[in-house]
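Student:
Protein chains: 2
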Amino acid sequence: MQFSTKAEYGLRAMVALARAYPAQKNITEISEAENISAKYLETLIGKLRKNNLVKSQKGKSGGYTLIKNPKQISAGEVIEIMEGPIVSKCDGSNCMKAKVCASSLVWNKLAFQIKKTLFAIKLSELI
Amino acid sequence: MQFSTKAEYGLRAMVALARAYPAQKNITEISEAENISAKYLETLIGKLRKNNLVKSQKGKSGGYTLIKNPKQISAGEVIEIMEGPIVSKCDGSNCMKAKVCASSLVWNKLAFQIKKTLFAIKLSELI
DNA sequence: GTGAATTCCTACCATATTACTATGCTTTCA
DNA sequence: TGAAAGCATAGTAATATGGTAGGAATTCAC
Numbered sequence: 414m415q416f417s418t419k420a421e422y423g424l425r426a427m428v429a430l431a432r433a434y435p436a437q438k439n440i441t442e443i444s445e446a447e448n449i450s451a452k453y454l455e456t457l458i459g460k461l462r463k464n465n466l467v468k469s470q471k472g473k474s475g476g477y478t479l480i481k482n483p484k485q486i487s488a489g490e491v492i493e494i495m496e497g498p499i500v501s502k503c504d505g506s507n508c509m510k511a512k513v514c515a516s517s518l519v520w521n522k523l524a525f526q527i528k529k530t531l532f533a534i535k536l537s538e539l540i
Numbered sequence: 414m415q416f417s418t419k420a421e422y423g424l425r426a427m428v429a430l431a432r433a434y435p436a437q438k439n440i441t442e443i444s445e446a447e448n449i450s451a452k453y454l455e456t457l458i459g460k461l462r463k464n465n466l467v468k469s470q471k472g473k474s475g476g477y478t479l480i481k482n483p484k485q486i487s488a489g490e491v492i493e494i495m496e497g498p499i500v501s502k503c504d505g506s507n508c509m510k511a512k513v514c515a516s517s518l519v520w521n522k523l524a525f526q527i528k529k530t531l532f533a534i535k536l537s538e539l540i
C-alpha cells in the first residue's frame with residue numbers, strides 16, 4: 414500500500430511551483446531544490462502539463478507555472494494525475510460468484526475517505 | 414493507487430472463514446466460493462497463518478479456521494499483512510534538501526485516515 | 001540571426017512486483 | 001495404508017517502476 418515516487422515527486426514539484434507562484438521555475442531549479450532527477454522530473458511534469466495543472470514557457474528563460482492559484486489546487490488532483498484513479502476495485506466482475514461482494518464495502522469506504530482527505534488539502538497549505 | 418489482488422483475495426478469504434466461524438473451511442471450498450485460484454490462495458493464506466490470523470489443521474479433513482472471533486479482527490490487520498505497512502513515506506531521507514518536506518503532511522494525514530478507516534471495519538460487519 | 005538555454009518527444013532499459021503455476025514433500029485421518 | 005489435505009520452494013510471463021539517452025523544437029538575449 415505504498416504510493417509510488419511519481420505521486421511524491423509530482424506533489425513536491427507542484428508545491429515548489431506553488432511557492433514561486435505566480436512566477437515560474439524551470440526543471441533544473443525544481444530538481445535541485447527537491448533533489449529529484451532532472452530528466453525524470455521532466456517526464457513527470459509533462460503529465461501535469463497535459464492535465465492542465467501547469468503551463469510551460471519554452472525556450473531560453475522558459476519554465477513552468479501553476480495554471481491556477483495554489484488555493485484552488487488540491488493534493489488529490491495532483492496524486493490522481495500521477496497515479497491514476499484512487500482505489501477502483503470490485504466492479505463486480507471479480508467476485509460475481511460470491512453472493513455478496515464482502516470486500517467492496519471496504520474499498521468503497523476507503524476510497525471515499527482517501528478522496529475526502531486528499532481533495533481537502535490544498536497546495537497553499539503545503540508551502 | 415490500486416490495492417493488489419493479494420489484499421482483496423486475503424480479505425475475501427478471511428470473510429469466507431468468518432462466515433464459517435468457528436467451523437473450518439479448506440482451500441478448495443474457499444477458492445471455489447470466491448472464484449480464486451486454489452494454488453495461489455494457498456500461498457496467500459500461508460501469510461495469514463504465519464501472522465496468526467488463521468490456524469490450520471493438516472491432513473485429511475483438514476482446513477483453516479480463524480484464530481479469533483470475527484468481531485476482533487479488522488480489515489486493516491488483514492490488509493497490512495497482505496500488502497505490508499500502510500503509506501510509509503517521507504522518513505526524511507528523500508527530501509532532506511528541501512527546507513521543509515511539504516508532502517510529508519499529506520502522507521501523514523492520509524496514513525492516519527486510511528488506518529482509522531480500515532481498523533474500524535471488523536470482519537463481523539462484512540459477513 | 002545565432003547560439004545557448006530551455007521545453008518536448010520518444011524510445012530504451014534494468015529491476016522489482018504481481019499473479020500466478022509446478023512440483024513434490026509432509027501430515028493426518030478414515 | 002492411502003487418499004486428502006496443508007506446507008515449502010522455485011519458476012515464470014506480464015506489467016509497473018524509476019529511471020536514462022538522444023535529439024528535435026522553441027525562444028530569448030545578445
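As they're listed, the protein sequences go chains S and A. Its first residue numbered 414, the first sequence is counted upward by one per residue in my numbering. Its first residue numbered 414, the second sequence is counted upward by one per residue in my numbering. All C-beta atoms, glycine included, are put in the ideal place defined by N, C-alpha and C.
#1: Check for me: the beta strand (DSSP E) holding Leu539/A runs from which residue to which?
#2: With distances taken between CB atoms, is the gap from Ile486/S to Leu466/S smaller than 8 Å?
#3: Identify the contact partners of Thr441/A in chain S, using a Cβ-Cβ distance below 8 Å as the criterion.
#4: Using the rule of at least 16 other Cβ atoms within 10 Å of the residue's Cβ for burial, across every protein chain shown, is Phe416/S buried or exposed?
#5: At a Cβ cut of 7 Å, what residues of the stretch 417-437 of chain S count as close to chain A, listed as they run along the chain?
#6: Please state whether DSSP places Val467/A in a helix, a strand or coil.
#7: Could you give the C-beta distance for Ser516/A and Arg432/S, rounded to a whole number, given that I count them as a contact under 8 Å?
#8: Closer than 8 Å, CB to CB, is Cys508/A near chain S or not?
#9: Let's test the definition: count the other Cβ atoms within 10 Å of the Cβ of Pro483/S and tell me whether it reaches 16, buried, or not, exposed.
#10: Taking 8 Å as the CB-CB limit, is Ser537/S close to chain A?
#11: Once DSSP output is grouped into helix, strand and coil, what is the label at Gly472/A?
#12: Ignore the nearest five residues each way along the sequence and tell me which others in Ser537/A's own chain have a CB closer than 6 Å to its CB.
#13: Leaving out five residues before and five after Ala429/S in sequence, what residues of the same chain have Cβ atoms less than 7 Å from its Cβ?
#14: By how many angstroms is the C-alpha of Ala451/S removed from the C-alpha of Thr478/S?
#15: Between which residues of its own chain and Ala533/S is the CB-CB distance below 6 Å, once the five residues before and five after are set aside?
#16: Is it true that the stretch 460-474 of chain S meets the stretch 488-499 of chain S, where meeting means three or more beta-carbon pairs spaced less than 8 Å apart?
#17: Please report how far the alpha carbon of Tyr434/S lies from the alpha carbon of Gly475/S, in whole angstroms.
#18: Which two residues bound the contiguous alpha helix (DSSP H) that contains Tyr422/A?
#19: May I ask which residues mark the beginning and end of the alpha helix (DSSP H) holding Ala436/S?
#20: Closer than 7 Å, Cβ to Cβ, to anything on chain S: give me those residues from the stretch 479-490 of chain A, in chain order.
#21: Considering just the uninterrupted stretch of the alpha helix (DSSP H) at Gly489/A, what are its terminal residues?
#22: I want to verify the contact list: residues of chain S whose CB lies under 8 Å from the CB of Val500/A, in sequence order.
#23: Quick one: is Ile423/S buried, meaning 16 or more other Cβ sit within 10 Å of its Cβ, or exposed?
#24: Let me see if you follow: with CB-CB separation under 8 Å, is Gly497/A close to chain S or not?
Tutor: Once the coordinates are examined:
#1: Element bounds for Leu539/A: n/a, residue is neither H nor E.
#2: Result yes, Cβ atoms of Ile486/S and Leu466/S sit closer than 8 Å.
#3: Per Cβ cutoff of 8 Å: no residues; Thr441/A is ~14 Å from chain S at best.
#4: Buried is the call here.
#5: Here the close residues are Glu421, Leu424, Arg425 and Val428.
#6: Correct three-state label for Val467/A: strand.
#7: Not really, about 13 Å apart at Cβ, beyond 8 Å.
#8: Reliability of the predicted coordinates at Cys508/A is poor, the pLDDT of 48 falling under 50, and no value is obtained from them.
#9: Looking at its Cβ environment, which holds 16 or more other Cβ atoms inside 10 Å, Pro483/S is buried.
#10: Taking 8 Å as the threshold, the shortest C-beta distance from Ser537/S to chain A does not fall below it.
#11: Coil at Gly472/A, not helix or strand.
#12: Here Ser537/A has Pro483 and Lys484 as same chain residues with Cβ atoms under 6 Å from its own Cβ, once five neighbours each way along the sequence are excluded.
#13: Within the same chain, Ala429/S has close Cβ partners Lys438, Ile443, Ala446 and Glu447.
#14: Looking at the two C-alpha atoms, the distance is approximately 17 Å.
#15: Counting only Cβ-Cβ distances below 6 Å, and skipping sequence neighbours, we find nothing.
#16: Between the stretch 460-474 of chain S and the stretch 488-499 of chain S there are three or more inter-stretch CB-CB distances shorter than 8 Å, so the stretches are counted as touching.
#17: Their backbone Cα atoms lie some 15 Å apart in a straight line.
#18: Looking at the DSSP string, the run of the alpha helix (DSSP H) that includes Tyr422/A is Thr418 to Ala433.
#19: Where Ala436/S is concerned, there is no enclosing alpha helix (DSSP H), given that its DSSP letter is neither H nor E.
#20: Here the close residues are Ala488.
#21: Counting along the chain, the unbroken alpha helix (DSSP H) around Gly489/A starts and ends at Ala488 to Glu496.
#22: Those are Met414, Gln415 and Phe416, listed as they occur along chain S.
#23: It should be noted that the sequence gives Gly, not Ile, for residue 423/S. With at least 16 other beta carbons inside 10 angstroms of its own, Gly423/S counts as buried.
#24: Closer than 8 Å to some Cβ of chain S, the Cβ of Gly497/A qualifies, so yes.
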